[in-house]
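Residue numbers (numbering that gives the first Met the number 0), protein chains in the order written: chain P, 0 to 360; chain D, 0 to 410.
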Amino acid sequence: MTVSTSSGYVVFDKVEKTYDGRVLVVKSLDLTVARGEFLTMLGPSGSGKTTTLMMLAGFETATGGDIYLDGSKINHIPPHKRGLGMVFQNYALFPHMTIAENVAFPLRVRNINKADAEAKVRKALDMVQMSDLGGRKPAQLSGGQQQRIALARALVFEPKLLLMDEPLGALDKQLREHMQYEIKRLHETLGITVVYVTHDQSEALTMSDRIAVFNDGRIQQLATPDELYEKPQNSFVAQFIGENNQLRGIVKDISGGRARVEIGNSDVIEALAIQAESGKPTIVSVRPERVEIEPMSSDIAATGRIEEVIYLGDHIRIRMNVFGNSEFIVKVRNGSGRRGFAVGEEVKIGWSLQDCRALDV
Amino acid sequence: MHSTFDQKALTRQLAAAERRNKVKAFLLVLPLLLFVLASFIVPIASLVWQGGYSDTFANALPETSKLLGAWDARSPVSEDLVKSFVTELKASKLKDPAIPTRVATVVNREQSGSVSKFKQVMSASDLASPYKEKLSALSSEWDKPDIWRAMKIVAPSFTPRFYFQAVDLRLTAEGDIKPETDENAIHLLLFGRTLMVAALVTLFCALLGFPIAYLLAHAETKTSNMLLIIVLLPFWTSLLVRTTAWIALLQQNGVVNDFLVAIGLIDNDHRLVMMYNMFATLVAMTHVLLPFMILPMFSVMKTIKANLVRAALSLGATPWTAFWQVYFPQTIPGLGAGCLLVFILAVGYYITPALVGGQSGQLISNIIAFHMQKTLNWSLASAIATLLLIGVLLLYWLYNRLVGIDKMKLA
Chain P
0 MTVSTSSGYV VFDKVEKTYD GRVLVVKSLD LTVARGEFLT MLGPSGSGKT
50 TTLMMLAGFE TATGGDIYLD GSKINHIPPH KRGLGMVFQN YALFPHMTIA
100 ENVAFPLRVR NINKADAEAK VRKALDMVQM SDLGGRKPAQ LSGGQQQRIA
150 LARALVFEPK LLLMDEPLGA LDKQLREHMQ YEIKRLHETL GITVVYVTHD
200 QSEALTMSDR IAVFNDGRIQ QLATPDELYE KPQNSFVAQF IGENNQLRGI
250 VKDISGGRAR VEIGNSDVIE ALAIQAESGK PTIVSVRPER VEIEPMSSDI
300 AATGRIEEVI YLGDHIRIRM NVFGNSEFIV KVRNGSGRRG FAVGEEVKIG
350 WSLQDCRALD V
Chain D
0 MHSTFDQKAL TRQLAAAERR NKVKAFLLVL PLLLFVLASF IVPIASLVWQ
50 GGYSDTFANA LPETSKLLGA WDARSPVSED LVKSFVTELK ASKLKDPAIP
100 TRVATVVNRE QSGSVSKFKQ VMSASDLASP YKEKLSALSS EWDKPDIWRA
150 MKIVAPSFTP RFYFQAVDLR LTAEGDIKPE TDENAIHLLL FGRTLMVAAL
200 VTLFCALLGF PIAYLLAHAE TKTSNMLLII VLLPFWTSLL VRTTAWIALL
250 QQNGVVNDFL VAIGLIDNDH RLVMMYNMFA TLVAMTHVLL PFMILPMFSV
300 MKTIKANLVR AALSLGATPW TAFWQVYFPQ TIPGLGAGCL LVFILAVGYY
350 ITPALVGGQS GQLISNIIAF HMQKTLNWSL ASAIATLLLI GVLLLYWLYN
400 RLVGIDKMKL A
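Written out as structure tokens, the structure reads:
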């Protein structure tokens with residue numbers, strides 16, 4: 000099969016990787032990244048996302064398939080000739096150089112004349128709002144500041160592509176959220192193509208144009224954040240992105256895209272047949288916030304016995320027993336007119352068919 | 000609210016609480032402190048002392064010593080001086096029969112032939128006033144000022160002459176400083192050779208050790224553990240064994256020569272001389288000291304984050320630039336520590352050059368041992384050792400100025 004390389008800026012064509020010659024850590028990966036896109040590779044550790052990024056950067060060689068950048072094959076181009084900016088997990092600032100020297104490094108190795116280089120360094124430091132700290136050493140900076148410098152250094156030579164390997168992993172929560180917006184803003188103003196690796200789903204949802212969810216060396220689903228959340232294609236994605244109630248059952252029959260699933264004590268509910276086969280086991284996925292308590296009307300109705308009530312400020316989290324599954328979570332918005340909930344109470348609940356998906360086991 | 004009184008009480012409480020900990024901490028280090036004091040500080044102090052103090056002559060002939068001190072070293076010696084010399088020398092024999100010989104040996108170092116002159120005095124039975132004529136009757140040497148000048152030099156107990164001697168200078172009887180005669184001027188040559196050998200050994204260790212340390216630090220755990228054992232293996236064998244192994248390898252009928260002859264690279268009649276010279280000293284010392292270079296470098300390299308080099312590559316640096324400008328500067332603390340360690344050890348190395356060095360491979364430590372064991376001139380040995388110590392301290396100071404000792408990392 001030939002890949003039309005014009006279809007994307009970065010193209011992975013049937014890329015495979017094995018370290019030991021026995022187990023594939025990346026399995027026949029096809030992925031296309033458009034110019035100017037912010038694509039996130041999301042997945043648990045060991046899912047192959049970092050290996051994929053390292054193959055793109057040139058630090059790992061693909062043991063099968065081809066990688067294209069801007070129309071040309073880059074499999075055998077060494078990393079320093081690929082012209083990609085990269086931000087590493089622990090910033091990887093050079094400790095013996097000042098901030099300004101760090102940022103000037105990519106320009107220096109490209110033999111750019113001093114005056115031009117200085118102007119570019121200043122611009123890059125301005126861009127990340129760090130212009131005052133050029134004379135300091137990396138160790139004198141906080142984690143967030145170091146991350147900005149790493150970003151400025153990766154962008155100062157105007158790379159074709161920016162790769163980021165869990166760049167915010169070492170920061171505390173508040174700073175991480177702040178940096179997410181900052182990276183997003185930079186991406187929008189510069190229009191650069193970004194390939195971002197993370198295991199943090201909220202980070203992926205916040206920043207990305209599209210997200211590739213990795214597991215077991217394969218892309219499980221490649222979609223925009225909202226599609227990924229609203230319409231997970233399999234139970235791994237449903238489980239990995241956001242919170243999810245899983246009801247195990249057997250598909251009785253399928254008609255018109257709807258599956259009738261028998262759950263627990265011979266209760267039968269309807270669900271969208273996404274990955275379901277008649278007569279086979281399935282997992283029915285429902286988001287906790289899509290479950291209504293005492294609904295006016297609903298496609299699927301059930302009864303739940305409240306097991307636990309947790310007050311979380313903006314919402315209340317109720318664990319209840321539904322269809323014999325006592326791990327069923329319902330999130331109720333904490334409105335002014337909300338009713339009280341008592342453990343042991345039985346309540347009517349319901350949800351719409353659109354929010355209820357029968358997936359693989 | 001805190002009043003001043005409260006504050007004071009608080010400070011006292013803190014001091015009391017801290018004092019207990021301080022005493023405990025001090026008691027913990029006390030055994031080591033005493034050990035260091037007894038085995039290190041005291042010997043070094045006595046070494047420095049011994050280098051400037053020699054009382055053999057002044058103890059045996061106290062009055063003569065005083066009169067020699069007053070003599071101007073040019074005018075003829077006085078009858079009083081000669082009389083006191085003869086009587087004190089004769090009297091010293093009664094205390095301990097070995098003393099006159101010891102005194103003669105000390106004088107002999109400044110004026111050769113003095114031992115036999117002293118023997119004449121000791122064996123002459125009829126020495127009486129006028130002592131000057133009686134002595135000159137024994138030998139015309141006693142008329143000449145030379146032997147008396149030699150005695151004037153060795154008479155004072157406190158003297159800088161050993162330190163001058165250690166750097167190939169002589170203190171004359173008049174108190175002038177003159178360069179040592181060429182056939183006796185050996186110390187500066189040996190100091191120079193020692194520094195050169197130490198520098199070369201350090202250089203070779205750094206060149207050989209760097210790649211090994213790199214491999215150790217960046218190989219997989221299994222491989223690197225095995226390599227580390229191989230590096231440490233020499234520590235489990237005696238230094239003597241390691242050194243003598245080089246004799247087996249490098250001698251004229253040794254393994255290396257046999258091999259070169261066997262493959263026809265050299266002629267059987269022209270076997271290489273690789274033993275008992277500078278070459279052997281360099282090879283054996285490099286081998287013995289290599290682990291001291293590898294270990295600090297290894298421990299530093301292990302802490303260098305792998306993604307620094309990757310970052311440099313991703314920013315467009317060639318592999319060489321990434322190594323030289325990013326990786327190598329991170330290794331300086333380890334390299335510096337290794338170099339300092341190897342250099343200091345090499346400067347004072349004794350056994351290896353003594354065994355394999357022959358004539359051209361002898362170092363300053365060998366001459367110190369020579370003076371300790373053969374000439375029994377402990378003061379000169381101490382003076383040389385003290386100068387060596389000062390030299391090492393100077394280098395340490397220099398290193399601290401250039402690299403910073405706080406940056407040094409030993410294993």
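In this text, a Cβ means the ideal position worked out from N, Cα and C, and glycines have one as well. Remember, it's a predicted structure, so these values are computed and weren't measured experimentally.
Give the straight-line distance between the Cα atoms of Val342/P and Glu269/P, rounded to the nearest whole angstrom.
Cα to Cα, Val342/P sits roughly 28 Å from Glu269/P.
Across which residues does DSSP place Ile350/D in a beta bridge pair?
DSSP, once it has assigned bridges, lists no residue as partnering Ile350/D.
Output needed for Phe190/D: all residues of its chain with C-beta closer than 6 Å, excluding positions within five of it in sequence on either side, in chain order.
Excluding positions up to five away in sequence, the list reads Ile363.
At a Cβ threshold of 8 Å, is Lys373/D touching chain P?
Closer than 8 Å: no.
Hey, which unbroken runs of the alpha helix (DSSP H) at 4 residues or more fall wholly within the segment 58 to 119 of chain D?
You should have 61 to 69, 78 to 94, 98 to 109.
Quick one: is Glu165/P buried, meaning 16 or more other Cβ sit within 10 Å of its Cβ, or exposed?
Buried, by the Cβ-count rule.
For Val402/D, would you say it is in contact with chain P, using Cβ-to-Cβ distances shorter than 8 Å as the test?
Closer than 8 Å: no.
Whole angstroms is fine: what's the gap from Leu93/D's alpha carbon to Pro61/D's?
Their backbone Cα atoms lie some 15 Å apart in a straight line.
Quick one: residues in its chain with C-beta nearer than 6 Å to the C-beta of Gly263/P, no 5 flanking neighbours on either side, listed in chain order?
The residues are Phe322, Gly323.
Could you name the residues of the segment 73 to 84 of chain P whose beta carbon sits closer than 9 Å to any beta carbon of chain D, in the order they occur along the chain?
Within the segment 73 to 84 of chain P, the residues whose Cβ lies closer than 9 Å to some Cβ of chain D are Pro77, Pro78, His79, Lys80, Arg81, Gly82, Leu83, Gly84, listed in chain order.
Can you check whether the C-beta of Ala116/P is within less than 8 Å of a C-beta belonging to chain D?
So no, Ala116/P is outside the interface.
Using a Cβ-Cβ distance under 8 Å, would Arg356/P count as near chain D?
It does not; no Cβ of chain D falls within 8 Å.
Nearest to Glu276/P by CA position, among Ile111/P, Gly143/P, Lys172/P, Val360/P, is which residue?
Closest option to Glu276/P, Cα to Cα, is Val360/P.
Just how far apart, CA to CA, sit Ile348/P and Glu293/P?
Distance between the alpha carbons of Ile348/P and Glu293/P: 5 Å.
Tell me the rounded alpha-carbon separation between Asp158/P and Trp319/D.
In the sequence as displayed, the identity of residue 158/P is Pro instead of Asp. If I take the Cα positions, the gap works out to 21 Å.
Ala316/D touches chain P at which residues, Cβ-Cβ below 7 Å?
Within chain P, the residues near Ala316/D are His79, Val108.
So with Cβ pairs under 8 Å, would you call Arg21/P a contact of chain D?
Taking Cβ atoms only, chain D never reaches closer than 8 Å to Arg21/P, which makes this a no.
Using the Cα positions of Val2/P and Leu314/D, report the straight-line distance between them to the nearest angstrom.
With a pLDDT of only 43 at Val2/P, under 50, the local geometry of the prediction cannot be trusted, and no value is derived from it.
So if DSSP puts Phe157/D in a beta bridge, which residue, or which two residues, is it bridged to?
In the DSSP output, where bridge partners are listed per residue, Phe157/D has Tyr52/D.
Given a cut-off of 8 Å on the beta-carbon distance, is the pair Ala258/P and Val267/P in contact?
Contact flag unset, no.
Just to confirm before moving on: does the CB-CB distance between Thr242/D and Ile389/D stay below 8 Å?
Going by C-beta atoms, Thr242/D is not nearer than 8 Å to Ile389/D.
Comparing the C-beta of Ala310/D with each C-beta of chain P, is any distance below 8 Å?
Yes, because at least one Cβ of chain P sits closer than 8 Å to the Cβ of Ala310/D.
For Asp54/D, which of Leu344/D, Val282/D, Ala154/D has the nearest alpha-carbon?
The residue with the shortest Cα to Cα distance from Asp54/D is Ala154/D.
If the cut-off is 7 Å on Cβ atoms, which residues from the segment 217 to 231 of chain D count as contacting chain P, listed in chain order?
Listed in sequence order: no entries.
In the DSSP output, what is Trp350/P paired with across the bridge?
For Trp350/P, which the question treats as bridged, DSSP gives the partners Ile299/P.
For Glu87/D, I'd like the list of residues in its chain whose CB is within less than 8 Å of its CB, leaving aside the five on either flank, ordered along the chain.
Within the same chain, Glu87/D has close Cβ partners Ala59, Leu60, Pro61, Glu62, Thr63.
Note down the Cα distance separating His370/D from Ser138/D, rounded to an integer number of angstroms.
Distance between the alpha carbons of His370/D and Ser138/D: 31 Å.
Could you list which residues in chain P have their beta carbon closer than 7 Å to that of Thr320/D, in chain order?
Within chain P, the residues near Thr320/D are Val108.
In terms of alpha-carbon separation, which member of Val86/P, Gly168/P, Thr281/P lies closest to Glu261/P?
Minimum Cα distance to Glu261/P is reached at Thr281/P.
Closer than 7 Å, Cβ to Cβ, to anything on chain A: give me those residues from the segment 43 to 67 of chain P, in chain order.
In the structure shown, chain A does not exist; the protein chains are P and D.
If Phe291/D sits next to Val341/D, beta carbons under 8 Å apart, how far is it from one beta carbon to the other, in whole angstroms?
About 5 Å separates the two Cβ atoms, so the contact holds.
At 8 Å on the CB atoms, spell out the chain P contacts of Asn306/D, in chain order.
Near Asn306/D (Cβ distances below 8 Å), the residues of chain P are Phe87, Gln88, Asn89, Ala91.
Output, in chain order, the set of chain P residues within a Cβ distance shorter than 9 Å of Pro328/D.
By Cβ distance, chain P contributes Phe93, Pro94, His95, Met96.
Taking the alpha helix (DSSP H) that His314/P belongs to, which residues open and close that run?
Looking at the DSSP string, His314/P is not in any alpha helix (DSSP H); the run it does join, the beta strand (DSSP E), is 314 to 321.
My assumption, with CB atoms under 8 Å, is that Leu161/P sits in contact with Leu167/P. Please give the rounded CB distance.
Between Leu167/P and Leu161/P the Cβ distance is about 14 Å, and since that is not below 8 Å, they are no contact.
Between Phe104/P and chain D, is any beta-carbon pair separated by less than 8 Å?
So, interface residue.
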